[in-house]
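Visitor: The listed protein sequences correspond, in order, to chains E and P.
Under our numbering, think of the first position of the first sequence as 535, with each following residue one higher.
Under our numbering, think of the first position of the second sequence as 500, with each following residue one higher.
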Amino acid sequence: MGASQTRSGKYQDLADKTGFSLEQIQNLYKRFQQLSGNEETISKENLDSIPALANNPIRKQIVDAFFDKRNQHQGEVGSFEEIGFEQFLMVMSHFRPPTLKTTEEEKEALRKEKLRFLFNMHDTDNDGTITLEEYRKVVEELLSKSGAIGQEAAKAIADAAMLEVASTNVPHMAPDDFYEGITFEHFEQILKGLEMESRMNIRFLDVDTTTMRCGKTTS
Amino acid sequence: MLPLGPMLLLLLLTAAAADLSGTAAPPRRETALGFSPSVSASPSAPPLLLFPQPRAEYGAPGVALARSAAEEPAGPGEEEEGGQHHHHGGGYRVVQWEWSYVQTPYIIAIWLLVASVAKILFHFSQRFTTVVPESCMLILLGLVLGGVVLIANKKQLYQLEPALFFLFLLPTIVGDAGYFMPARLFFDNLGAILTYAVVGTLWNAFCTGFCLYAAKLLGVIDERVQADLMDFLLFGALISAVDPVAVLAVFEEVHVNDTLFIIVFGESLVNDAVTVVLYKVYISFVEVGAENVQTADYFKGVASFLIVSIGGTLVGLVFAVILGFITRFTKKVRIIEPLFVFLLVYLAYLTAELFSLSAILSMTFCGIGANKYVEANISQKSRTTVKYTMKTLASIAETIIFIFLGISAVDKSKWAWDTGLVSCTLVFIFVFRAVGVIGQTWVLNRFRLVPLDKIDQVVMSYGGLRGAVAFALVVLLDGEQVKAKDYFVATTIVVVFFTVMFQGLTIKPLVNWLKVPRSTSRKPTINEEIHERAFDHILTAVEDIAGLQGYHHWRDKWEQFDKNYLSKLLLRKSVYRKSELWEAYQKINIRDAISVIDQGGNVLTSARLSLPSMASRASFPEVTNVTNYLRENGSGVCLDLQVIDNVPGAKVEEDTETHHVLAENLYKPRRRYQSHYSRHFMPLGEKERQDREVFQRNMKSRMETFKSTRHKRHKKERSLKKRRGSDAKEDGGDKPRRNVSWQDTNPVVVPVESEEEKGEHSDPEKEEDVGITFVARKAETPKQRPKSVPAALDGCPSPTAGPPSPPSGDSHLPWKGSVGSPPPCVSVEATKIIPVDLQQAWNQSISSLESISSPPAPAEPVHPRVSALSRLGGPRPASYTPAGSVASSTSSIGAQVSQGSFRFPDKKKEEEEEEEEGGARQEMQPLMSSLRPTGSLPPPPPPPGSATGSGRRRNPCVYLRSLVTPPPPGSGELHSRGPTQL
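Written as structure tokens, this is what we have:
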């Protein structure tokens, strides 16, 4: 009883921090335990071994994002070896959908946050820019499962995309200028056509049953 | 609003008058409308002729829509006419009046013409069309025409016949809507669409029906309206369904955001099942009488709903699979590809009708389902044909529907007015629509990720337009069974007119006033495409990690299934491996190319290339265009051999420039010549298009990148070493640079490529529109390279990389002097105007020519290898490729090309290493071109003083230049000259 008391107190903290409801946190905690095998922390292997992820072309990036310190909003860089539930929840909170009550400013903040998450995912070496090399990698991974398109095509696409970024952001480039890479501002700029706040969401269920059912299917 | 009405009428009257007297056609139309009855009355059987006339007339658009179906109405007419023809003909007459012979098709054609001319007239006034929706105008025109006919004949001859509507007009519109339905958007919002369509329509139908009955009991509705509960429910069912035609017509002009549009429009399509079932159930109830209806019948009604909707969907999907499967094999009969699309989509509709399933659902799902596979299978030309034909037909069908709605209204005999009924109905449908939408949205918002806000709800309620479907259904009612039919008809007409005209007119100001987010017509950029895709995977992954089986999870599952089974079954082998992103990329590329050309293409490329000043750049906003960059870089493929003729010196650059301008400007004329040339090959060879050429150039430059990066992988270290040797300014740690800079370019590599290409070219599977031309293009230039030996090789890429760059030009000059014998030059030029079909033959002849012209090179192992590889790759490229890595079995040329070029260097490498010094020069060429996509990030034009920029890091262009400049000209010359002299 006492344990559950402290736990719910902890949940309340997490709820304040991440914006999830208590039910959602509970559900996610169940899932977390399931993934970690009732350990306090989970490692990359735990996530890698999720069968449903096997077909995901960008599995590695996603899993890495969970272990990326930048996504914890603590101003730290680097990556964790293992993450606890709190970190897990923090990353998950990037995908929280907005509600009807969300104000415009909040939406904007949400959007920034999501963009930052995406940006961090691409910017693997954490130097503040997505270089061509990194971008190519992204596209390559994206395409890696969709037929034998090949790295060349991926490169071509990445190149064209990079070109586009350069041309939209630096329209008056001096002939000798070189586009170093996509900065966050440029990243924001090129993706402003996408309604991030309404696109990069998933629905976290309040109801417990889904998690239970999932538990059965995945375990 | 009020003054608008009369004004409109006035305008229309004048328009109609202009129609009647002004144009050449209208007088004839008068014959068609007013005159025809009297003419046809004169021959033999007035009633007989009067009757079939409108009917055939209604079948008319059908002719245009479905050729086969049109045979029927036309057939009997003809025979009949034949008989009459003999009647008239006594003795020989110089001019014969053959009206009866041409009557049916003539009236059809005239009607279509009227509809089309009406459209033109409406769009004369820009101001008018922005305010008034076309559908309103058409209805008004219909009213006017109906009046004219009525006055002329004292009898309304024309009416929107349900059979015509349901069999011909509606399918064209639904087919178009279904086929071009944004599938992703549709399925993303499927939950909302289904809710509104099913629950909303049921709600509307019942509430309207019951409330009308209540109004009747209360005495608001006149006694003369003989209807009981069942009749009112029936009427409620047919009047409550939102009409796809009206919604499309109105919303197309409003441009609300995609989500809103798809919800309203999706609802209007999907609710067909509900309407059909309700309608049929009530009809049967009315027939047996309300008192005889048993409880079981209600359950039967529910069951029938499931059958009708699910059955309709299944029929549609079955036809979608058939269609996909058929188009997989139409490679040899490109010309009838579009026909398959029309026929099968139409058959889906008819089949569903045949089993009295929901035909609209069937057709919609057939279109949605087949679109992806069909678009991938059929050729670009067919795609365009399908698109335009569908749009044309849908547009004309819509026009006819609205005109006929107007005309049908002017028929006193058909309807009876009751103010109570009309006003009650109007109020009820409006109120219940609003209440229904708000209630459902409230529920839906608890489940939707993106909630629908108040503004959306207002637009959705207001956008619930009723239209021709309701009218056709009400006309179909049996007057014997439903006593109040005439009242219902009148009410329906009023409701349709009110919703289409009043709401249609006001929805635009409303949307503006509410500041409803509009849809952007902007096409997604490559980055957006990439991230759209990334989103999907990210969301799926996060859902999986969170252990949720949400929408993304299932969508991903579906995509896996589609990729693993459906695509394999329904897509041509050559296309089914291509990813959507790749497709999108290609589309964007082509689109950009087209826009470049539309903007006058040549103006803004090379000319500007040579003027790197900021000012000139700023004056061309098109610079932002990706292709422009690419084009700037990728242009002038081999044209610039002439550059080499220039005297080396200060003037070289200018000349190069001029040459480029000329080359660009010569573009169009050359193209014309080319198409003229290949006109003989009309049936098979689809014409090269300029944009394609641009595209190919891009692609080509990209190919080179692939090559370069490929090599890099295996030879990183060596390349580094080499580069250090060759380039002083280079520092090794830079990743991107290393990436781009490595280039292994022995002339041998290229030939391999070309031979490979040739093999591919002959591979039947590859013969797609884009593929063909692309390959051919690809093959041309490289083809020259081996023959003219490094000469051509040197010549080609260098201008591409940076035409005005004097160092590169310089370095060629000596070479040119020594080797540049006319044949290679000419051939290079000439290949460009050789039609694709002739490419191979041409290449052969050229190669034979060249083998004579260019001296054999014993020291160079070039030729043997080429032939060896070509033998390998030529006959069976497929078998060759698997040996390679990842990309092996792609149909994408890029993969194979690069592979060919990549494997080869592997062996070649060793000896290459030995000669070392020559590497620098050789490396540069492909390097430049390879850099292009990458290097074009900075505006490519390398100014003469390239050294200044070389300090900047990571600038591929600069780097490139630094590569070009520093090596002592001697070495480059030496090397490039070497093989040729040998």
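Heads up, the beta-carbon is just placed ideally off N, CA and C, and yes, glycines get one too.
Alpha carbons only, please: which of P/Ser907, P/Tyr1064 and P/Phe929 is nearest the one belonging to P/Glu660?
Guide: Considering only alpha carbons, the answer is P/Ser907.
Visitor: Does P/Ala622 get closer than 8 Å to chain E when you measure Cβ to Cβ?
Guide: The amino acid at residue 622 of chain P is misidentified as Ala; the sequence shows His. By this cut-off, P/His622 is not an interface position.
Visitor: DSSP three-state call for P/Arg1017: helix, strand or coil?
Guide: Of the three classes helix, strand and coil, the one that applies to P/Arg1017 here is strand, per DSSP.
Visitor: In the DSSP assignment, what residue or residues form a beta bridge with P/Val755?
Guide: Paired residue(s): P/Arg1017.
Visitor: So with Cβ pairs under 8 Å, would you call P/His754 a contact of chain E?
Guide: Chain E contact via Cβ: absent.
Visitor: Closest to P/Ser905 by CA distance: which of P/Phe854, P/Gly966 and P/Gly962 is it?
Guide: Rather than Ser, the amino acid found at residue 905 of chain P in this sequence is Gly. Here the closest residue by C-alpha is P/Gly966.
Visitor: Taking E/Gly612 as the reference, which of E/Asp661, E/Gly553 and E/Phe718 has the closest Cα?
Guide: Checking every option, the nearest Cα to that of E/Gly612 belongs to E/Asp661.
Visitor: Tell me whether P/Ser624 sits in a helix, a strand or coil according to DSSP, three-state version.
Guide: In this structure, P/Ser624 counts as coil in the three-state DSSP scheme.
Visitor: List, in chain order, every chain P residue whose beta-carbon is nearer than 9 Å to that of E/Arg604.
Guide: Within 9 Å Cβ-Cβ: nothing; E/Arg604 doesn't reach chain P, min ~16 Å.
Visitor: Roughly how far, in whole angstroms, is the beta-carbon of P/Ile720 from the beta-carbon of P/Leu920, given that I think they are within contact range, below 8 Å?
Guide: Contact flag correct, Cβ pair sits at about 5 Å.
Visitor: Grab the span of the beta strand (DSSP E) containing P/Gly810 for me, first residue to last.
Guide: Where P/Gly810 is concerned, there is no enclosing beta strand (DSSP E), although the alpha helix (DSSP H) it sits in stretches over Thr794 to Thr826.
Visitor: To the nearest angstrom, how far is it from the Cα of P/Gly938 to the Cα of P/Val697?
Guide: So the alpha carbons of these two residues sit roughly 14 Å apart.
Visitor: List, in chain order, every chain P residue whose beta-carbon is nearer than 7 Å to that of E/Leu581.
Guide: The contacting residues are Ile1044.
Visitor: Nearest to P/Arg882 by alpha carbon, out of P/Ile1025, P/Ser912 and P/Phe679?
Guide: Considering only alpha carbons, the answer is P/Phe679.
Visitor: Using a C-beta cutoff of 8 Å, does P/Gln1059 count as contacting chain E?
Guide: Yes, P/Gln1059 counts as interfacial toward chain E.
Visitor: Show which residues of chain E have a CB atom less than 8 Å away from the CB atom of P/Ala1033.
Guide: Those are Ile592, Leu652, Val672 and Leu676, listed as they occur along chain E.
Visitor: In terms of residue numbering, what span does the alpha helix (DSSP H) encompassing P/Gly677 cover?
Guide: Here the alpha helix (DSSP H) through P/Gly677 covers Leu669 to Tyr678.
Visitor: Tell me whether the segment 960-977 of chain P and the segment 740-749 of chain P touch, counting them as touching only if at least three CB pairs, one residue from each stretch, are closer than 8 Å.
Guide: Result yes; three or more Cβ-Cβ pairs closer than 8 Å.
Visitor: Could you confirm whether any beta carbon from chain P is found closer than 8 Å to the beta carbon of E/Asn589?
Guide: By this cut-off, E/Asn589 is an interface position.
Visitor: Using a Cβ-Cβ distance cut-off of 8 Å, determine whether E/Arg733 contacts chain P.
Guide: At least one chain P Cβ lies under 8 Å of E/Arg733.
Visitor: Mind checking whether P/Leu732 and P/Tyr781 have CB atoms under 8 Å apart?
Guide: Cβ atoms of P/Leu732 and P/Tyr781: closer than 8 Å.
Visitor: Taking CB distances under 8 Å as the criterion, tell me whether E/Leu739 reaches chain P.
Guide: Judged by the 8 Å Cβ criterion, E/Leu739 is in contact with chain P.
Visitor: In angstroms, rounded to a whole number, what distance separates the CA positions of P/Leu486 and P/Ser615?
Guide: A question about residue 486 of chain P goes unanswered here, because the residues of chain P that appear run from 500 up to 1481.
Visitor: Identify every residue that forms a DSSP beta bridge with P/Ile928.
Guide: Answer is none; P/Ile928 lacks a bridge partner.
Visitor: Specify the secondary structure class of P/Thr603 as computed by DSSP and reduced to three states.
Guide: If DSSP states are grouped into helix, strand and coil, P/Thr603 belongs with the helices.
Visitor: Check whether chain E comes within 8 Å of P/Leu975, counting only Cβ atoms and requiring the distance to be less than that.
Guide: Cβ-Cβ to chain E under 8 Å: no for P/Leu975.
Visitor: CB-CB under 7 Å to E/Thr702, same chain, minus the five flanking residues each way: which ones, in chain order?
Guide: Same-chain partners within the cutoff: Gln723 and Ile724.
Visitor: Measure the C-alpha to C-alpha separation of E/Gly618 and E/Ala687 and round it to an integer number of angstroms.
Guide: Cα-Cα distance, rounded: 39 Å.
Visitor: Any beta carbon of chain E sitting closer than 8 Å to that of P/Gly823?
Guide: Judged by the 8 Å Cβ criterion, P/Gly823 is not in contact with chain E.
Visitor: To the nearest angstrom, report how far apart P/Lys618 and P/Glu752 are at their CA atoms.
Guide: Rounded to the nearest angstrom, the two C-alpha atoms are 14 Å apart.
Visitor: Determine the burial state of E/Phe566: buried for a count of at least 16 other Cβ atoms within 10 Å of its Cβ, exposed for fewer.
Guide: The residue is buried, with at least 16 neighbouring Cβ atoms inside 10 Å.
Visitor: Indicate whether P/Tyr958 and P/Leu759 have their beta-carbon atoms separated by less than 8 Å.
Guide: Reading the sequence as shown, one finds Val at residue 958 of chain P and not Tyr. In this structure, P/Leu759 lies closer than 8 Å to P/Val958 by Cβ.
Visitor: Please list the terminal residues of the continuous alpha helix (DSSP H) segment that includes P/Thr1039.
Guide: Residues Ile1025 to Ile1044.
Visitor: What is the DSSP secondary structure of P/Thr898, reduced to helix, strand or coil?
Guide: Helix.
Visitor: List in chain order: all unbroken alpha helix (DSSP H) runs of 4+ residues lying wholly within the segment 572-606 of chain E.
Guide: List check, alpha helix (DSSP H) in window: 578-582 and 593-600.
Visitor: Tell me where the beta strand (DSSP E) around E/Glu616 begins and ends.
Guide: Here the beta strand (DSSP E) through E/Glu616 covers Glu616 to Gly618.
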